[in-house]
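Below is one structure; the comments refer to it alone.
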Amino acid sequence: MKIENELEFRILYDLDDDWMPFWGFMALVTGFWGTDTPPEKVADVIRWFAESGLVTLGALADNEVGWAAWDVDIDESMRRIAEGYGHGVGYLHALDVGALMDTEVVRANITKLGERRLAELEAGGMTYWTAQCRYESPRAMMRDDSTSQTDVSGGGSSDESGGACAVTLEEGLEFRLLDELDDDWMPLWGFVAMVSGFRGWNTTIDTVAGVMRWFAESGLMTFGALANNDVGWEEWNVDIDESMRRIAEGHGTSQGYLHATKREDLVWCEVFRANITEKGERRLAELEAQGMTWENTIGPFETRSGLR
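So for the sequence shown, numbering that gives the first Met the number 0 puts the first residue at 0; every next one is plus one.
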């Protein structure tokens, strides 16, 4: 397998900061090779790093160290990553992108050899900023004018804060978002992942913002953010325009999506959380009464086959 030096550097760079889960590898590999890269290719990259002696494979552990290496060979390690191990779901059994994001089936740890290789690449002049790739940037991945979704993007409007637009929303997507909102306050990445699962992985960030605005203007959800109190969430006492501006430009200590330089910034972004309203709960009940379930509303790009 051939690994670009830039991709090798970026993975080692992140590994040097923390133990890396499967999604960490997937986010970076798809950033370099395209968002249609299947999980099997990501697993090949993980194997290459392990066979090259740059990482050891293991998992989070309930001990003082916090991580434990697997005392098995690489073949068995890769089998665990594929089929699952402990409480972690293997990528072969991941039903959707969310499962790949959340699985703790593996955490890789950088080795001494990996640290030396990272130092070599840094000595060669490589930095985080010189090792970027077009698929990785949310502005490149999600704002490509040639692949934008025109039915939700406001007719080509340049309003980057999610200005008012006419939205045509699939009932399956509406149901899935309401179903997720009914379970927990939803962050930005929840909307990005779900909308992309229905619209495709080249969906623009403006399209996602348009969907969020539609939900708010329809009275199905309210905007707010996590708070350091007993409630855990606080609603924003501002209008929808200001809410969308905060989500785009940032609010408090959290950056907005316009300032995201890589996809991981969107994954961990806590600029806001949406909360379902009573009207949203009634609409969810209506869709459920029509026979809609999680199982029969899977988006065409959401399943593992859709990742290919």
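Quick reminder that beta carbons are idealized off the backbone N, C-alpha and C, glycines included. Computed from a predicted model, the values in this text were never measured in an experiment.
Item, Value
"When you compare each of ALA122, GLY23, MET0 and LEU27 to ARG46 by their alpha carbons, which one comes out closest?", "MET0"
"Taking the beta carbon of TRP267 as the centre, do at least 16 other beta carbons fall within 10 Å, making it buried, or is it exposed?", "exposed"
"In chain order, what are the residue ranges of uninterrupted alpha helix (DSSP H) at least 4 long that sit wholly in the segment 257-303?", "262-266 and 277-288"
"From this set, ARG106, ARG175, MET220 and LEU53, which residue's C-alpha is nearest ARG116's C-alpha?", "LEU53"
"Assuming contact is defined by CB atoms lying nearer than 8 Å, are LEU120 and PHE8 in contact in what I supplied?", "yes"
"If we ignore side chains and look at the alpha-carbon of each, how far apart do PHE271 and LEU6 end up?", "31 Å"
"At a threshold of 7 Å, does GLY171 count as lining the ligand ATP (C-beta to nearest heavy atom)?", "The ligand ATP is absent from the structure shown, which contains no ligand whatsoever."
"When you compare the CB positions of GLY223 and GLU234, do they come within less than 8 Å of one another, or not?", "yes"
"Count Cβ pairs between the segment 236-256 and the segment 282-294 that sit closer than 8 Å; are there 3 or more?", "no"
"Going by the CB atoms, is the gap between LEU14 and GLY113 shorter than 8 Å?", "yes"
"Buried or exposed: VAL207, going by 16 or more other Cβ atoms within 10 Å of its Cβ?", "buried"
"Sorted by chain position, which residues of the same chain lie with C-beta nearer than 7 Å to LEU99's C-beta, five sequence neighbours on each side aside?", "PHE21, TRP22, MET25, PRO38, TYR90 and ALA93"
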